[in-house]
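Going down the list, the sequences are from chains A and B. Numbering of the first sequence is given in the working numbering, commencing with residue 29 and proceeding in unit increments. Numbering of the second sequence is given in the working numbering, commencing with residue 3 and proceeding in unit increments. Just so it is clear, CB atoms sit at the ideal spot from N, CA and C, and this is done for glycine as well. Contents: one structure, followed by commentary.
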Amino acid sequence: SAVISQKPSRDICQRGTSLTIQCQVDSQVTMMFWYRQQPGQSLTLIATANQGSEATYESGFVIDKFPISRPNLTFSTLTVSNMSPEDSSIYLCSVRLLFTGTSKGVYEQYFGPGTRLTVT
Amino acid sequence: QKEVEQNSGPLSVPEGAIASLNCTYSDRGSQSFFWYRQYSGKSPELIMSIYSNGDKEDGRFTAQLNKASQYVSLLIRDSQPSDSATYLCAVRSNDYKLSFGAGTTVTVRA
Chain A
29 SAVISQKPSR
39 DICQRGTSLT
49 IQCQVDSQVT
59 MMFWYRQQPG
69 QSLTLIATAN
79 QGSEATYESG
89 FVIDKFPISR
99 PNLTFSTLTV
109 SNMSPEDSSI
119 YLCSVRLLFT
129 GTSKGVYEQY
139 FGPGTRLTVT
Chain B
3 QKEVEQNSGP
13 LSVPEGAIAS
23 LNCTYSDRGS
33 QSFFWYRQYS
43 GKSPELIMSI
53 YSNGDKEDGR
63 FTAQLNKASQ
73 YVSLLIRDSQ
83 PSDSATYLCA
93 VRSNDYKLSF
103 GAGTTVTVRA
């Protein structure tokens, strides 16, 4: 696995402001993902962040609202822009790693600790 | 749309019993299957992965995969109070994305 850290761990923000969440990995990874988990719900993929190219957004998520940067193979940021109370959620960074066990050539995905965002 | 469905919870089992969690998926081209455990207020933790039909055992956990039936399950033997959590089934198809089920909340009664 990998050590994944996120900053901040939690924040309370006012409506209309923006928050940038940072994700740092202790090894180089080609693919990083950003998820949202709303209260009592499962995980929803926001976008895939690839180093050297623009992020790929899932249906219902747009770059103006959730701009993503991926300056290198160990770091990414997600910004939640012009926030509203509906953006209150846990935001999770995730990385895909090549599995080094007996099943060769397969990838496993690991999650950071998450950022709990409350918008008032 | 790739769908992953889990048996509805919550599931309550006595300590020492077997907890059985089920998951079905819609995309027949799915290749990789995962179980994540998520404690309240924490992020998902990968506990099992399975790629071929049959059983895979890791400690008290056994994952079972039947691609013909599009079914994957997780058995937790000798359930402990520390196993109380939400268990998420995740499926990867031919692309790189994971599709997650809604999760099943397990409570182990001491």
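Proximity test, Cβ basis, 8 Å: residue i and chain B
| i | result |
| --- | --- |
| Q66(A) | no |
| G88(A) | no |
| V108(A) | no |
| Q137(A) | yes |
| P36(A) | no |
| V134(A) | yes |
| P99(A) | no |
| P95(A) | no |
| G44(A) | no |
Close Cβ partners of residue i (< 7 Å) along its chain, the five nearest in sequence each way excluded
| i | result |
| --- | --- |
| D54(A) | A30, V31 |
| P36(A) | T143 |
| I40(A) | T146, T148 |
| L48(B) | F36, Y38 |
| Q52(A) | S33, T102, F103 |
| Q66(A) | S117 |
| Y41(B) | A87 |
| A104(B) | Q8 |
| Y135(A) | R124, L125, L126, F127 |
| D115(A) | V108, L145, V147 |
Start-to-end residues for the beta strand (DSSP E) that takes in residue i
| i | result |
| --- | --- |
| D60(B) | 56 to 60 |
| F139(A) | 135 to 139 |
| A65(B) | 63 to 68 |
| R144(A) | 143 to 147 |
| E47(B) | 47 to 52 |
| Q50(A) | 47 to 53 |
| R111(B) | 106 to 111 |
| A77(A) | 71 to 78 |
| K93(A) | Run containing K93(A): none; DSSP gives neither H nor E here. |
| K4(B) | That residue, K4(B), is in no beta strand (DSSP E); it is neither H nor E in DSSP. |
| K35(A) | 32 to 35 |
Contact set for residue i: own chain, Cβ-Cβ below 6 Å, skip 5 residues either direction
| i | result |
| --- | --- |
| I96(A) | A75, A77, A83, L106 |
| G31(B) | S95, N96 |
| P141(A) | Q34 |
| T107(B) | G11, P12, T88 |
Close beta carbons around residue i, own chain, < 8 Å, minus the five adjacent residues each side
| i | result |
| --- | --- |
| R43(A) | M111, S112, P113, V147, T148 |
| K93(A) | V108, S109, N110 |
| N68(B) | N55, V74 |
Any chain A beta carbon closer than 8 Å to residue i
| i | result |
| --- | --- |
| Y53(B) | yes |
| F63(B) | no |
| S1(B) | In the structure displayed, chain B extends from 3 to 112; residue 1(B) sits before or after that span and is not available. |
| F35(B) | no |
| L13(B) | no |
| A87(B) | no |
| G113(B) | The displayed coordinates of chain B run from 3 to 112. Any statement about residue 113(B) would go beyond what the structure contains. |
| L48(B) | yes |
Within chain C, partners of residue i - CB distance below 8 Å
| i | result |
| --- | --- |
| R124(A) | Note that chain C does not occur in the displayed structure, where the protein chains are A and B. |
Point to revise | chain B contacts from the region 52 to 81 of chain A (Cβ-Cβ distance under 7 Å) | key: Those would be M59, S70, L71, L73, in chain order.
Point to revise | the region 78 to 86 of chain B in contact with the region 60 to 72 of chain A per 3-pair CB rule at 8 Å | key: With a cut-off of 8 Å on Cβ pairs, the region 78 to 86 of chain B is not in contact with the region 60 to 72 of chain A, counting fewer than three such pairs.
Exercise for review: Please name the residues in the region 111 to 123 of chain A whose beta-carbon is closer than 7 Å to at least one beta-carbon of chain B, in chain order.
Suggested key: Result list: L120.
Practice item. Please name the residues in the region 68 to 92 of chain B whose beta-carbon is closer than 7 Å to at least one beta-carbon of chain A, in chain order. Key: Those residues of the region 68 to 92 of chain B placed with their C-beta closer than 7 Å to a C-beta in chain A are L90, ordered along the chain.
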